[in-house]
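Sequential numbering of the sequence shown, starting at 83, is according to our numbering.
Scroll down for the structure; my scribbles are underneath it.
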Amino acid sequence: MEPRNFGGDADRPRSTGAHTGRVLVIGPYLRVRAGNADAQSEGYVLRNAEARLDEAAGLARAIDLVIADAIIAPVSQIRPATYIGKGKVEEITGLIKSLDVELVVMDCALAPIQQRNLEKEWQAKVLDRTGLILEIFGRRAKTREGSLQVELAHLNYQRSRLVRSWTHLERQRGGFGFMGGPGETQIEADRRLIQERISKLESELKKVQATRRLHRAGRQRVPYRVVALVGYTNAGKSTLFNRLTRADVQAADMLFATLDPTLRALNLPHGGKAMLSDTVGFISNLPTQLVAAFRATLEEVLEADVILHVRDISHEDAEAQQSDVDAVLRQLGINPDDSGRIIEVWNKIDRFDAEQRDELLNIAARRPEDHPAMLVSAVSGEGIDALLAAIEQRLAAKRTTLDLSIDAADGAGISWLHRNAEVLAKELHDGRFDMTVRVDETKRDIVVNRFDAVPHHAT
């Protein structure tokens, strides 16, 4: 779909799904000057307007909406009442009627009063970016945990939207008896019911978090480290996850194709194992309600030993997408510049020709040694071996390698070492096993004291 600036003749309607309602996608993007530092910090200069609109249309398609048209409506100043100017509101009214539009998607965050006013003017349902993403998450959540998280986010969003002018929200319920007072309005009752449901959901999610902590504690008793995939939605995380683990997680060229988290065993080059976690994709202006609600899921990222930041390096807005992911990581309390923990993965290099690939390799080669970029294609498998080696190296840097000798008859001790350490070498000499093991910092003292282990010295 070719987005266009508002003001020209309407393109022919474009149908992209089976949904009966017709949708108009509007990109009300602020006009900013290139030298405006504040605007740059907000991402307006970094992000391409056409790419932003295309992403918004992709979000609408993700829930099978029929896109009648997608337009850019430049905004010089945000209006408190309607976000966009009065003249544009009137022009879009005519476009809505001519295209027989039932739903308008505004690619921005609307205040409740702005949403209500636009719906009055256009006589159509209006959905802002936050509402659209919540709708996608609501349809995609398959597990009990995912459903709870989405419902909590949606209710927090809905609570702020109870400003409708419908009469049933203005009626009062009478109090009981003479002392009951005037009663509560319907809107107050709705808010109270929503708050009660929110409290119940938060309680249930605490149980989910407790269960996850138990699962993590179980994994920590076994010498498996955790590697987490993060990245912008549709960067190819699930395809890379499948390539690394030989799993069959859904992977599609679609925004938010994967929502519920997945864990699989990851085999490392020298026989070690780790747990690989696939997480929900990030996106620009990710609703704060979702970041808060999905914190239980994202705790896998918080606890990860290594984080793979997967980037679609072929995307025209790759740099802006990186900034968006970094912003969400900071919200979670993770330093995106932590080179000891984060590996940047430049995915989809199969989309480049030979000349472009050489240029990309040169760019990667000029990066600082402590901030390397791993070039891969999750589709073709190119670069996967080098990525696995880099993961193994990072994990090894967080562990201690020890040498020890143990009586071959000590079956319990040998079994303990295999359960609690990574056995790198094992040779039998004169009834004793000479072993080289790699252990987590928490197990180091136990191995040293129990088996008289000493630091490994490579020969």
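The beta carbon of each residue, even a glycine, is placed where N, CA and C say it ideally should be.
Report all residues from its chain with a CB closer than 7 Å to the CB of residue i; omit the five preceding and five following residues, and keep chain order.
| i | result |
| --- | --- |
| R449 | A455 |
| R476 | V388 and I425 |
| A139 | M83, V107, I149 and A152 |
| R325 | A460, G463 and I466 |
Are residue i and residue j touching if we call contact CB-CB under 9 Å?
| i | j | result |
| --- | --- | --- |
| E504 | R481 | yes |
| E464 | I488 | no |
| A446 | L457 | yes |
| I218 | I145 | yes |
| A317 | S359 | no |
| R211 | L141 | yes |
| L486 | V536 | yes |
| K207 | E184 | yes |
| I174 | A155 | yes |
| L135 | G109 | yes |
| V530 | T483 | no |
| T315 | I365 | yes |
Specify, as a first and last residue, the run of the beta strand (DSSP E) that residue i falls within.
| i | result |
| --- | --- |
| A347 | T344 to N349 |
| S487 | R481 to D489 |
| T518 | R514 to D522 |
| D394 | V388 to D394 |
Around the Cβ of residue i, are there at least 16 other Cβ atoms within 10 angstroms (buried) or fewer (exposed)?
| i | result |
| --- | --- |
| H397 | buried |
| N417 | exposed |
| R226 | exposed |
| D440 | exposed |
| G257 | Any reading at G257 must be qualified, since the residue scores a pLDDT of 38, below 50, and its modelled position is unreliable; no value is offered. |
| L348 | buried |
| V521 | buried |
| P162 | exposed |
Nearest by alpha-carbon distance to residue i: which of the options is it?
| i | options | result |
| --- | --- | --- |
| V157 | E523, N199, W498 and C190 | C190 |
| S180 | L443, D136 and R104 | R104 |
| H453 | G422, A436, E441 and R439 | G422 |
| D516 | I496, R526 and I528 | I496 |
| Q403 | G363, R274 and P369 | G363 |
| A409 | V186, V373, R325 and N238 | V373 |
| T524 | F434, N502 and A491 | N502 |
| A494 | A479, T164, R532 and D512 | R532 |
The alpha helix (DSSP H) with residue i in it runs from where to where?
| i | result |
| --- | --- |
| E437 | A436 to A447 |
| N199 | P194 to W204 |
| L177 | K168 to L181 |
| V229 | For the record, residue 229 in the displayed sequence is Ser; it is not Val. It spans R226 to R241 - the alpha helix (DSSP H) in which S229 sits, taken as one unbroken run. |
| S405 | A400 to Q413 |
| L368 | Careful: L368 lies outside any alpha helix (DSSP H) and carries neither H nor E. |
Got a sec? Which residues, its chain only, sit under 8 Å from residue i by beta carbon, not counting five neighbours each side?
| i | result |
| --- | --- |
| H352 | E474 and L506 |
| L350 | A356, L470, I473, E474 and L477 |
| R241 | R273, I276, Q277 and I280 |
Using C-beta distances below 6 Å, list every residue in its chain close to residue i, excluding the 5 sequence neighbours before and after it, in chain order.
| i | result |
| --- | --- |
| D399 | R129, N130 and A133 |
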